[in-house]
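Protein chains in written order, with this note's numbering: chain C, 20 to 340; chain L, 20 to 340.
Cβ coordinates follow ideal geometry from the N, Cα and C atoms, glycine included.
Structure first, commentary second.
There are 2 protein chains.
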Amino acid sequence: MSRRGAQSVDDLVGRAREGDARAVARLISLVEDESPLLREVMAALVPHTGNAQVIGITGSPGVGKSTSTNALVTELRAQHKRVGVLAVDPSSPFSGGALLGDRVRMQDHALDREVYIRSMASRGHLGGLAWATPQALRVLDAAGCDVILVETVGVGQSEVEIAGMADTTMVLLAPGMGDGIQAAKAGILEIGDLYVINKADRDGADQVRRDLRSMLALGERREGAWRPPIVKTVAQTGEGVAEVVVEIDRHREHLESSGEMERRRTRRARDEIEAIAVTALRARWGDVHGHDDLDTLAEAVVSGAKDPYAAADELLQLVSG
Amino acid sequence: MSRRGAQSVDDLVGRAREGDARAVARLISLVEDESPLLREVMAALVPHTGNAQVIGITGSPGVGKSTSTNALVTELRAQHKRVGVLAVDPSSPFSGGALLGDRVRMQDHALDREVYIRSMASRGHLGGLAWATPQALRVLDAAGCDVILVETVGVGQSEVEIAGMADTTMVLLAPGMGDGIQAAKAGILEIGDLYVINKADRDGADQVRRDLRSMLALGERREGAWRPPIVKTVAQTGEGVAEVVVEIDRHREHLESSGEMERRRTRRARDEIEAIAVTALRARWGDVHGHDDLDTLAEAVVSGAKDPYAAADELLQLVSG
Chain C
20 MSRRGAQSVD
30 DLVGRAREGD
40 ARAVARLISL
50 VEDESPLLRE
60 VMAALVPHTG
70 NAQVIGITGS
80 PGVGKSTSTN
90 ALVTELRAQH
100 KRVGVLAVDP
110 SSPFSGGALL
120 GDRVRMQDHA
130 LDREVYIRSM
140 ASRGHLGGLA
150 WATPQALRVL
160 DAAGCDVILV
170 ETVGVGQSEV
180 EIAGMADTTM
190 VLLAPGMGDG
200 IQAAKAGILE
210 IGDLYVINKA
220 DRDGADQVRR
230 DLRSMLALGE
240 RREGAWRPPI
250 VKTVAQTGEG
260 VAEVVVEIDR
270 HREHLESSGE
280 MERRRTRRAR
290 DEIEAIAVTA
300 LRARWGDVHG
310 HDDLDTLAEA
320 VVSGAKDPYA
330 AADELLQLVS
340 G
Chain L
20 MSRRGAQSVD
30 DLVGRAREGD
40 ARAVARLISL
50 VEDESPLLRE
60 VMAALVPHTG
70 NAQVIGITGS
80 PGVGKSTSTN
90 ALVTELRAQH
100 KRVGVLAVDP
110 SSPFSGGALL
120 GDRVRMQDHA
130 LDREVYIRSM
140 ASRGHLGGLA
150 WATPQALRVL
160 DAAGCDVILV
170 ETVGVGQSEV
180 EIAGMADTTM
190 VLLAPGMGDG
200 IQAAKAGILE
210 IGDLYVINKA
220 DRDGADQVRR
230 DLRSMLALGE
240 RREGAWRPPI
250 VKTVAQTGEG
260 VAEVVVEIDR
270 HREHLESSGE
280 MERRRTRRAR
290 DEIEAIAVTA
300 LRARWGDVHG
310 HDDLDTLAEA
320 VVSGAKDPYA
330 AADELLQLVS
340 G
């Protein structure tokens with residue numbers, strides 16, 4: 020079995036590197052399913068990675084993330100780039116399933132062999148996205164993608180996570196989507212490498228740009244630091260999207276010349292290693308002792324008989340014992 | 020030092036239990052600062068917990084979460100309940116700071132001694148909210164709060180987390196905030212115990228209610244299971260808010276009579292114990308070896324010399340060694 024597994028992994032990775040979309044899909048499924056083959060898969064992929072620029076795309080619901088992603092794919096394909104799209108859905112603790120929205124809108128590119136599109140759902144466990152997304156990115160990177168667009172849904176923690184995982188974080192805004200405090204609350208002013216005001220044909224786009232510019236000006240910037248540009252687009256018609264790609268390229272050049280690319284990728288790898296280590300530990304205290312011990316400890320905390328720190332100590336002793 | 024620490028903790032906990040707002044604030048600061056005294060604090064608090072009903076309040080930006088929270092506090096105070104409010108801001112990896120929005124709007128209740136209001140910022144580390152929020156809830160619970168309102172900002176992962184932490188999850192919607200697919204994407208249909216359509220004086224409120232009702236009807240429900248009610252409110256004027264409180268009480272009765280309260284609280288304690296154990300481990304591999312080993316491992320992964328699983332294995336060996 021192990022020998023056969025090894026053959027399949029080599030074969031899969033080889034076919035993925037040659038651009039076989041089904042092999043790519045199968046590898047990402049192994050990531051989502053937390054397959055025991057993953058160790059082997061990652062070991063086989065790692066030497067072939069490092070080419071792709073990872074672009075995180077984030078913003079509130081309704082700003083047009085999917086439409087913008089679609090328009091970016093069109094523009095990047097016109098430049099003969101190989102493109103990966105990872106749509107990261109929020110955890111659904113009950114269904115665990117991804118919904119249709121993104122896939123439906125992406126059908127423009129469904130038949131293009133140089134575009135890989137994938138929706139991912141996180142399983143809601145601690146570090147779910149932190150664990151699975153970098154591994155899916157590695158699959159697409161090794162498959163020869165020049166650019167990988169990672170679309171996250173909504174605002175909040177997932178947005179911060181994607182900023183940690185991307186080389187370039189693109190924040191989408193749109194007129195009429197709430198006031199400045201809301202934007203600031205979501206922390207978007209601190210994570211964007213590039214701001215896109217979509218639906219720029221609507222009233223209020225210039226006001227959004229002015230507000231954004233003055234809020235960005237408040238932040239401190241070191242000498243020689245990147246100044247996030249603001250681009251206006253109408254993703255529906257493609258207006259402004261070429262300029263977004265110019266800024267994406269410019270940011271890549273900045274990342275490489277400043278050494279920031281290396282720093283971001285090292286940080287990303289560190290987070291990934293930690294997430295894998297934590298997952299391994301959680302599996303260990305689930306598998307070895309069943310969930311019985313943990314349940315007993317939890318009940319003692321609920322009844323007030325034990326504090327959670329003492330319970331955590333006992334759990335760790337059970338694992339290392 | 021340790022003796023003095025112990026005295027201070029007993030004193031602080033005693034004063035918090037008597038309703039001293041400054042002692043409550045100090046204890047929550049200890050949680051946010053990840054104080055070494057926390058173990059002692061939690062051990063002192065745990066025997067006095069279990070009374071408070073924790074209500075998670077969630078919804079997209081702009082639906083009126085802060086205004087609704089404010090209106091709920093007014094209504095609960097009219098019933099002489101002691102109320103805690105925890106406003107959980109999304110991680111801001113750079114500033115680590117909470118913004119002003121919520122506090123500003125809460126000034127109606129700033130001078131009421133029976134209301135504790137606190138904004139919390141998570142520090143962006145893995146499990147940040149998972150780690151800090153239950154401990155802050157325990158402080159407010161031990162301080163005699165009958166109800167604790169936990170307001171989360173935005174949609175996405177943080178929402179799912181709050182559903183895990185609350186006894187009752189209240190999902191806010193408003194007319195004109197995006198179509199059904201957006202709502203479904205955010206996973207809100209699976210987490211709500213109670214749905215509130217705020218800004219119900221606006222056009223489209225009845226349509227939102229119809230859409231929501233038909234989407235909720237699609238979900239499977241076991242016999243005797245809770246059917247999430249839908250309440251219309253205008254939080255700005257207080258309209259409908261009394262009915263929300265009635266439904267909150269009704270849900271508490273259901274949780275208690277069905278045994279679901281016990282199950283939810285045990286699950287919550289389990290998650291908390293795991294989060295503390297994981298945090299302890301992360302501290303261990305940071306403290307003992309500095310970050311040098313982890314950085315070296317991360318660089319090896321970036322260069323393609325090592326796969327992340329092998330790196331995680333090495334990290335775990337370093338910790339247990």
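Practice problem: Take the Cβ of Glu170(L) as the centre, count every other Cβ of all protein chains shown within 10 Å, and call the residue buried at 16 or more, exposed below. | Solution: By one-based count along the second sequence, residue 170(L) stands at place 151. The residue is buried, with at least 16 neighbouring Cβ atoms inside 10 Å.
Practice problem: List the residues of chain C that Pro66(L) touches, going by C-beta distances under 7 angstroms, in chain order. | Solution: The residue given as residue 66(L) occupies position 47 in the second sequence. By Cβ distance, chain C contributes Gly323.
Quiz prompt | Gly75(C) in three-state terms, based on DSSP | solution = Indexing the first sequence from 1 puts residue 75(C) at position 56. Gly75(C) falls in the strand class under three-state DSSP.
Quiz item: Is any beta-carbon of chain C found at less than 8 angstroms from that of Tyr328(L)?
Solution: Here residue 328(L) refers to the residue found at position 309 of the second sequence. Output row for Tyr328(L): interface = yes.
Quiz prompt | Simplified DSSP assignment, three categories, for Gly103(L) | solution = Counting from 1 along the second sequence, the entry for residue 103(L) is found at position 84. Strand, per DSSP.
Self-check item: Cβ shell of Gln226(C) (< 8 angstroms), same chain only, five flanking positions each side left out
Solution: As a working mapping, residue 226(C) is identified with position 207 in the first sequence. Same-chain partners within the cutoff: Pro194.
Quiz prompt | is_contact[Thr187(C), chain L] using C-beta, thresh 8 angstroms | solution = The sequence position of residue 187(C) within the first sequence is 168, counting from 1. It does not: the Cβ of Thr187(C) has no partner Cβ on chain L nearer than 8 angstroms.
Exercise. Check whether the Cβ atoms of Arg301(L) and Glu293(C) sit closer than 8 angstroms, and answer yes or no.
Key: The residue labelled residue 301(L) in the question sits at position 282 within the second sequence. The residue labelled residue 293(C) in the question sits at position 274 within the first sequence. Yes, they are a contact pair.
Self-check item: Reference Trp150(L), options Glu333(L), Val297(L), Lys325(L), His99(L), closest by Cα
Solution: The residue given as residue 150(L) occupies position 131 in the second sequence. Comparing Cα positions, the closest option is Val297(L).
Quiz item: Between which two residues does the beta strand (DSSP E) carrying Lys251(L) extend?
Solution: Locating residue 251(L) in the second sequence gives position 232, counting from the first residue. Its beta strand (DSSP E) spans residues 249-251.
Exercise. Grab the span of the alpha helix (DSSP H) containing Glu59(C) for me, first residue to last.
Key: Taking the first residue of the first sequence as position 1, residue 59(C) is located at position 40. From DSSP, the alpha helix (DSSP H) with Glu59(C) extends over 57-64.
Exercise. Drop a sphere of 10 angstroms on the beta-carbon of Leu237(L), count the other beta-carbons inside from all chains shown, and report buried for 16 or more, exposed for fewer.
Key: Against the second sequence, residue 237(L) aligns to sequence position 218. Answer is exposed; the Cβ neighbour count stays below 16.
Exercise. Could you tell me whether the segment 66-81 of chain C touches the segment 185-193 of chain C, where touching means 3 or more Cβ pairs closer than 8 angstroms?
Key: yes
Quiz item: Can you tell me the Cα-Cα spacing of Glu37(L) and Thr188(L), whole angstroms?
Solution: Translated into positions along the second sequence, residue 37(L) becomes position 18. Translated into positions along the second sequence, residue 188(L) becomes position 169. Going by the C-alpha atoms only, they are around 28 angstroms apart.
Quiz item: Is any beta-carbon of chain C found at less than 8 angstroms from that of Glu279(L)?
Solution: Along the second sequence, one-based indexing puts residue 279(L) at 260. With 8 angstroms as the cut-off, Glu279(L) does not count as an interface residue toward chain C.
Self-check item: Partner residues on chain L for Ser79(C), Cβ-Cβ distance less than 7 angstroms
Solution: What you label residue 79(C) is simply residue 60 of the first sequence in a count that begins at 1. Going along chain L in sequence order, the residues near Ser79(C) (Cβ under 7 angstroms) are Pro80.
Quiz item: Nearest CA to the CA of Gly69(C): which residue from Met280(C), Val104(C), Ala42(C)?
Solution: Counting from one through the first sequence, the residue named residue 69(C) turns up at place 50. Cα-wise, what sits closest to Gly69(C) is Met280(C).
Quiz item: Grouping DSSP H, G and I as helix and E and B as strand, with all else coil, what is Ser87(C)?
Solution: Here residue 87(C) refers to the residue found at position 68 of the first sequence. Three-state DSSP puts Ser87(C) in a helix.
Quiz item: Hey, is Leu399(L)'s beta-carbon within less than 8 angstroms of any beta-carbon in chain C?
Solution: Past the boundaries of the shown model lies residue 399(L); chain L is included only from 20 to 340, so the question cannot be answered.
Quiz item: Does DSSP put Ser276(L) in a helix, in a strand, or in coil?
Solution: Residue mapping note: residue 276(L) aligns to position 257 of the second sequence, counting from 1. Helix at Ser276(L).
Quiz item: With 8 angstroms set as the bound, which would you pick, yes or no: does the beta-carbon of Ala40(C) sit closer than that to a beta-carbon of chain L?
Solution: Residue 40(C) sits at position 21 when you count from the first residue of the first sequence. Taking Cβ atoms only, chain L never reaches closer than 8 angstroms to Ala40(C), which makes this a no.
Quiz item: Nearest-angstrom Cα distance between Asp230(C) and Ile249(C)?
Solution: Translated into positions along the first sequence, residue 230(C) becomes position 211. Translated into positions along the first sequence, residue 249(C) becomes position 230. Rounded to the nearest angstrom, the two C-alpha atoms are 11 angstroms apart.
Self-check item: Nearest to Thr256(C) (by Cα), restricted to the options Arg132(C), Asp165(C), Thr88(C)
Solution: Counting from 1 along the first sequence, the entry for residue 256(C) is found at position 237. Per the Cα distances, Thr88(C).
Quiz item: So which residues on chain C does Asp312(L) lean against when the C-beta distance must stay under 7 angstroms?
Solution: One-based indexing of the second sequence puts residue 312(L) at position 293. Within 7 angstroms Cβ-Cβ: nothing; Asp312(L) doesn't reach chain C, min ~10 angstroms.
Quiz item: Listed from N- to C-terminal order along the chain, which residues in the segment 271-295 of chain L have their beta-carbon within a distance smaller than 9 angstroms of any beta-carbon of chain C?
Solution: Glu281, Arg284, Thr285, Arg286, Arg287, Ala288, Arg289, Asp290, Glu291, Ile292, Glu293, Ala294, Ile295
Exercise. State yes or no: is the beta carbon of Met61(L) nearer than 8 angstroms to at least one beta carbon in chain C?
Key: The sequence position of residue 61(L) within the second sequence is 42, counting from 1. True, the Cβ-Cβ gap to chain C drops below 8 angstroms.
Quiz item: What number of angstroms, rounded off, separates the C-alpha of His273(L) from the C-alpha of Pro153(C)?
Solution: As a position in the second sequence, residue 273(L) is number 254, starting the count at 1. As a position in the first sequence, residue 153(C) is number 134, starting the count at 1. Cα-Cα distance, rounded: 42 angstroms.
Exercise. Closer than 9 angstroms by beta-carbon distance: list the chain L residues that pair up with Arg96(C), in chain order.
Key: Stepping through the first sequence from its first residue, residue 96(C) is reached at position 77. Within chain L, no residue comes near Arg96(C); the closest Cβ sits about 26 angstroms away, beyond 9 angstroms.
Quiz item: So, helix, strand or coil for Thr188(C), using DSSP?
Solution: Within the first sequence, residue 188(C) is the residue found at index 169, counting from 1. Note: Thr188(C) maps to strand in three-state DSSP.
Quiz item: How is Thr68(C) classed by DSSP in three states: helix, strand or coil?
Solution: Your numbering for residue 68(C) matches position 49 in the first sequence. Three-state DSSP puts Thr68(C) in coil, outside helix and strand.
Self-check item: Residues that DSSP places opposite Tyr135(L) in a beta bridge
Solution: In the second sequence, counting from the first residue as 1, residue 135(L) sits at position 116. Tyr135(L) pairs with Gly103(L).
Exercise. Under 7 angstroms Cβ to Cβ from Ala185(L), same chain only, skipping five residues before and after it: list those, please.
Key: By one-based count along the second sequence, residue 185(L) stands at place 166. Taken in chain order, the residues that qualify are Val73, Ile74, Gly75, Val169.
Self-check item: Cβ-based burial, Ala244(L) [other Cβ within 10 Å; buried from 16]
Solution: Along the second sequence, one-based indexing puts residue 244(L) at 225. That one is exposed.
Quiz item: What's the gap between the Cα of Val43(L) and the Cα of Ala330(C)?
Solution: If you number the second sequence from 1, residue 43(L) lands on position 24. If you number the first sequence from 1, residue 330(C) lands on position 311. Roughly 24 angstroms separates the two Cα atoms.
Self-check item: Contact set for Val307(L): own chain, Cβ-Cβ below 6 angstroms, skip 5 residues either direction
Solution: Looking up residue 307(L) in the second sequence gives position 288. Because the pLDDT of Val307(L) is 48, which lies under 50, any placement of that residue in the model is unreliable, and the number read from its coordinates should be weighed accordingly. Around Val307(L): no qualifying Cβ.
Exercise. Classify Val82(L) as helix, strand or coil using the three-state DSSP reduction.
Key: Here residue 82(L) refers to the residue found at position 63 of the second sequence. Val82(L) falls in the coil class under three-state DSSP.
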